[in-house]
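Numbering-wise (the working numbering), the sequence shown opens with residue 55 and increments by one. By construction, the Cβ of each residue, glycine as well, lies at the ideal position given by its N, Cα and C atoms. Structure first, then comments.
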Amino acid sequence: MLHIAILIPFLWAVLIPMMRWLPRIHPGWTVLPVPLSLFVYFLSQISRISQGETQFVSVPWMPEIGIDLSVVLDGWSLLFALLITGIGTLVVGYSMFYMGKRTDSIRHFYVYLLMFMGAMLGVVLSDNLMVLYAFWELTSIASFLLIAFWYRRERSRYGALKSMLITVFGGLAMFAGFNLLYLMTGTYSIREIATQASLLPEHSLFLPAMILVLLGAFTKSAQFPFHIWLPDAMEAPTPVSAYLHSATMVKAGLYLVARVSPIFAGGLEWFWIVSLTGLITLLYGSFKAIRQTDLKALLAYSTISQLGLIMSLLGVGSAASFFTDSEQVALFGLATTAAVFHLLNHAVFKGSLFMVVGIVDHETGTRDLRKLGGLMKLMPITFVIALIGSFSMAGLPPFSGFLSKEMFFTAMVSILEFDAANAGSWMLLLPILAWVASVFTFVYSMILVFKTFGGNVKNNKLDKQPHEASLGLLASPILLVSLALIFAWIPNGLSKSLIDPAVAAIRGGGASAESTHVSIHFWHGWTPELFMTIGVVLLGILLYRTYTRFSLLDREWSGRDTLNRLYNGTLRLMEDGGRRITDLYMTGSVRRYLIYIFLFLIVAVGGTLMFSPDIVLGMDDYAPITFYEVALVVVMLAAAAAVPFAKSRVNAILFTGAAGYMVTALFLIFRAPDLALTQMIVETVSVILFLLCFKFLPKLKTEKEKPTFKWTNLIVAAGVGVTVTLVAFASMGSSPFEPISNYFLNESYESAGGKNVVNVILVDFRGFDTLFEIMVLGIASLGIYGLIKLGVQTQTEPHAAKPSEQKRAGFPLVANDVILRTMSRVIVLIIISFSLYLFFAGHNHPGGGFIAALMTAAALILLAVSFGMDTVRRIIRVNYRVLTAIGLSIALLTAVGSFAFGAPFLSHAFGHFDLPVLGDTELATAVLFDLGVYLAVVGVVMNIIFTIKGED
C-alpha cells in the first residue's frame, strides 16, 4: 500500500485535465478525496507504529546498481506523511474558496499541487537515497510551477526561478554526498548505511559527504545564507505558501537532517555545523521579520527563524550520541523531542497564520501593515484565529507553542554540560542566541496580530470595505489552529502516539518509543527556562511598544540586502558571461556547429585510441568478402561521394537515398531482415521529409566555394571516417569480454519467449534504451512543431505566405496521376495489413512495433502524396501529438506495471495459453510495450509531416 500511496497523487493529477466534463463542479472537489483518503490511511497506522512496528516494502528496480523502490514507514516518516496529507486536505479545501473559478488554469494548480504531494510522500517514505533524490528534485520542479502559477507577474517568475536554482544547487550537492556514502558503504539504503555508522567517521570521505548532504538540507529548509529564496517565493498563491512554505517543502531539509543523523551524528562537526547554522538562521530570520511591512514577508522570515530553531534542536540532540550514561542521553535527547514537537506546532500555527493572511488580503485587498488596522471588530473570527496562532508562535501559554519553546530553552541550557565539544565558555553563546532570537520572535508575533487587528480601521487606505470571510475560507484555519489548543492539553497522549515513535526512528540504533519518552507538561517549577520566558515576555513587550522609534528596527533598508544583491549579481554575471562565450561559437552556421562536434569527436576518441596502450586494433579473423558485398560497397561509396557534387537538392537526395538503399541490400546479404526493413522504410520516409523541407530552405547557391571551405570539409570528413574505422577495429581487438551477442542468442527464447532476437533486445533486454529513444523522438517532434509554428507566427517578410494560405496550398507533392491514385487505394491497405502482421509477428519473426509503425506511416504518406493531406485528415481524425503521448504512456505504464508483481522496472512475462480457435498461443506483456512504441512512432512521424506541411 505504501507504494500505491505515493503513486495515487500522480495518477490523480493525470486524470484532472480529463475531468472537463464536470464544468459545474469545482475541480477542488474532485481533488479533495485524494489527500483525505491518504490521511485516513496514515491515521490508521498510528497504533501499529506507536507499538514499535516498522513497515518496510521493497520492489526491485535496478538491483544491479543498488537502486530499488524501497519505502519505509516508521515514526518519523509517518509524522511527515500525516502533515503532508492532513494539511494538504485543509489547503485543498481552503483553495477552493480562495482561488475560485477565475481562470481555466485552476486545474493546472491542482495538478501541480498533487504532483508536489506525491513527490513529498516519496521523499519521506523512501529508504533508497537515489529514489529519495529523484523525489527531492521533483518537489523543486513542482514548487517552481506553483510559485510561478501567476506567471504573468514578473516577481512570480523571479521567485520561482530563484527557489529552483538555489534548491536544485543544493540537491545536486546532496546527490554527490549520497554517492560518496555509497562509495563508503556499498549501498544506497539508509537503513543499511546506518548499521555501518560507527565505522564511517574515520573515513576520508566522511566530512565531504556530510557537508554535501547538509548543503542539500540547508538550501531546502531555507537556512542562512540560503534563505533568500523563501521571501521571494511568497509571490505564490496563499494556499501554496500555507502548504509548501510552512508545513511541507521547507521541512524536507529538516526531515533529511534527522533521517541521516544516525549516520553523521558520530562526528563532532555535525553538532557544530547543524546547531550554529540553525541558531544563526533563527536569530537572523526573527530580526528580519520585525522589519517587514508585508504580512506574507513577515511570515516568510518568521518561517525562516522557526526552521532555524528546529534545525538547532536537531543539532543539539545529536550530542546524545557522545554519551553512554542513560541520564545524559535522555538529557540531550530531549532536544530531539523538542524538535519533533515544535515541528508539529509550527505546521499548525504557521499554516493557519498563512491562511489568515490570505483571508485579510482577500477581504481588504492588501497585505500592507501600514494600511491595515482595526480589523478586530470587523473580522472577529479571523482575529481569534490570528491571536491563537500568533501567541502559540510566540511561545505563550496556554498554547502548545509554549510547551515546545520551553523544551527548546531546556535543551539550550542543558548544552552547557556538553564537555565533548571542548568549547569552554563559548558554549554559553548557544542559549544566549536562543534567548535573543526568542525576544524578536515575541515581537514579530505581536506585530502580526495587533498591527493588523488592533487600532483603528483605515478605510481610506483600503481597496474594499473589509468584512468577515465566508465559512469556506474560515473552516480550514479554524480546524488547524484548534490543534494548538488540543496539543497543549493532551501533550503526553500526542507524545506516545506520534512524537516518541518519531524520536525513536530518528535516534535509530534500536531505540524504542519507551526509551525516548519525555514527559511534557506546563509547570516545571521555577526553572531557568521559566525565567528566560519571563524575560522574553517583558523585553518583548518593551521592544514591541518602542521598536518604531529605532531606525534599525522599524523598516527595511533601502533596496535589497547584500545576499540578494550577491545572488542577482552572480546570476547576471553568469548570464552575461555565458552569452558572450556562446556568441563566440553560436554563429548561426550549421556547418560550423558540425565542425565543432566532429573535431571534438576526433580529438577525444582519436586521442584515446592513439595514447591508450591497452587498445589493440583487431585485424584478424574476418569473414571472407564476396563479390556482391564489394559491388554494393562500391556503389554506396560512389553515391556518397557524388552528394557534394550534386547540382540540385533533388539530385543530392537521390544520391543519399541510393547510399541508404545499398545499406539495406547489405543487411539483406548479412541476413538481417529486421534491419533491412527498417532501413528501407526510413530511407523512403526521409525522401518525403526532405522534399517537404524544401519550402523552408533558401535557394541553393550555385557559386563555387572557396578552396579553404572544401579543404576544411574534406579534412574533417576524413578525420571522422578514420576515427570511426579505428573504433571498429579497436572494438574487435581490445574487448576483454566475450561478445554479448551469444547471450542474446541463447536467452532470447528461454528468458523472453521470443525467437526474433532483434525484437526481443528492443523490447526486453534493452527496453530502457527503447523507452528513452521513443521519449527523445516525442520530444524532438514537439520541438519541430514548436519551432515551425513559432516561425510561422513570427514571419514578417512581406512575401511570406500566411498560415491560412499555406494550408490552402495543399500537399506540395500531391500527384495528379490517375494510375497512382487508383493503385494507392489498394496498396495502402496492403501496406497497413502488412504493418499489422509485422507488429503481431515481430516477437518470433521479422518485425516489431518500430518497423510496423514506420510501415504504417509510409502508408499514410503514400495516401497523402496521392490524395493530399486533407484526405488523410478526413479519414483518420487523430491528433498525432496526443497519439504520441498515448504511446509513451502505454510504454511507461507497461514498464511500471511490473512493480505490481514484485518485479524490477520494465520486466516482462510470457506464457503459453490454450485459446479457443487459436489453440496453443503464446502471450507476452512485451506486446503491450511494443504497442506503446508503435503508437509513439506513428504519432512522431505523422506529427512531423503535418507540421512541416503547415497543418495544426
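Beta-carbon proximity check, residue i vs residue j, cutoff 9 Å
i	j	result
Phe237	Leu259	Before going further, note that residue 237 is Leu rather than Phe in the sequence given. For Leu237 and Leu259, yes; Cβs fall inside 9 Å.
Gly903	Ala895	no
Met365	Thr331	yes
Gly172	Ala306	no
Leu746	Ile930	no
Leu441	Pro520	no
Met690	Ala713	yes
Leu720	Val687	yes
Thr495	Ala559	no
Leu167	Ala135	no
Val987	Ala945	yes
Ala523	Ile435	yes
Leu457	Ala389	no
Pro293	Tyr205	no
Ala276	Ser197	no
Thr139	Met303	no
Gly7	Asp818	Outside the displayed range of the chain (55 to 1006) lies residue 7, so it cannot be described from this structure.
Ala373	Phe272	no
Ala784	Gly672	yes
Ser149	Gly213	no
Endpoints, the beta strand (DSSP E) within which residue i is located
i	result
Val522	The amino acid at residue 522 is misidentified as Val; the sequence shows Glu. Here Glu522 belongs to no beta strand (DSSP E), and DSSP marks it neither H nor E.
One or two residues paired with residue i in a DSSP bridge
i	result
Ile160	None, per the DSSP bridge assignment.
Val125	Val111 and Ser180
Thr975	Phe967
Asp422	Asp348
Ser243	Asn182
Met116	Ile121
Anticipated Cβ contact below 8 Å, residue i with residue j, distance rounded
i	j	result
Phe248	Ile344	In the sequence under discussion, the amino acid at residue 248 is Ala, which differs from the Phe named in the question. That pair is no contact at about 41 Å.
Gly405	Ala301	5 Å
Leu423	Val511	With 8 Å as the limit, Leu423 and Val511 do not qualify as a contact, their Cβ atoms being about 14 Å apart.
Phe64	Met169	7 Å
Gly443	Val535	5 Å
Ala980	His897	6 Å
Ala465	Val370	5 Å
Cβ shell of residue i (< 7 Å), same chain only, five flanking positions each side left out
i	result
Val467	Pro485, Pro582 and Glu583
Asn997	Ser835, Tyr839, Tyr934, Arg935 and Thr938
Leu397	Lys305, Leu308 and Ile364
Gly509	Gly427 and Gly428
Ile915	Val739, Ile742 and Ile999
Pro89	Thr139, Gly142, Thr143, Val146 and Met171
Tyr682	Ile723
Element boundaries [alpha helix (DSSP H), containing residue i]
i	result
Glu583	Pro582 to Thr600
Phe894	Val872 to Ala895
Thr8	No statement about residue 8 is possible, as the shown extent of the chain runs from 55 to 1006 and does not include it.
Trp66	Leu56 to Leu69
Pro89	Pro87 to Ser98
Lys1003	Ala980 to Lys1003
Met447	Pro434 to Ala448
Met153	Looking at the DSSP string, Met153 is not in any alpha helix (DSSP H), and its letter there is neither H nor E.
Arg703	Arg703 to Ile723
Lys809	That residue, Lys809, is in no alpha helix (DSSP H); it is neither H nor E in DSSP.
Tyr676	Taken as a continuous stretch (DSSP letters only), Tyr676 belongs to no alpha helix (DSSP H), as it is neither H nor E.
Nonlocal neighbours in the same chain, by C-beta distance under 6 Å from residue i, ignoring five residues either side
i	result
Ile103	Gly129, Leu132 and Pro555
Leu470	Met481
Lys459	Gly449
Trp611	Here the model assigns Trp611 a pLDDT of 44, short of 50, so the residue's position is not dependable, and the following value carries that caveat. For Trp611, where only same-chain residues beyond five positions count, there are no Cβ hits under 6 Å.
Tyr242	Gly120, Asn182, Leu183, Met184 and Tyr236
Leu61	none
Val145	Pro293, Ala296 and Tyr297
Ile244	Asp181
Contacts around residue i, its chain only, beta-carbon distance under 8 Å, and the 5 residues preceding and following it disregarded
i	result
Pro87	none
Val950	Phe959
Thr680	Ile723
Distance cut-off 8 Å: residue i Cβ against heavy atoms of the ligand SAM
i	result
Ala354	Because no ligand of any kind appears in the structure shown, any question about the ligand SAM cannot be addressed here.
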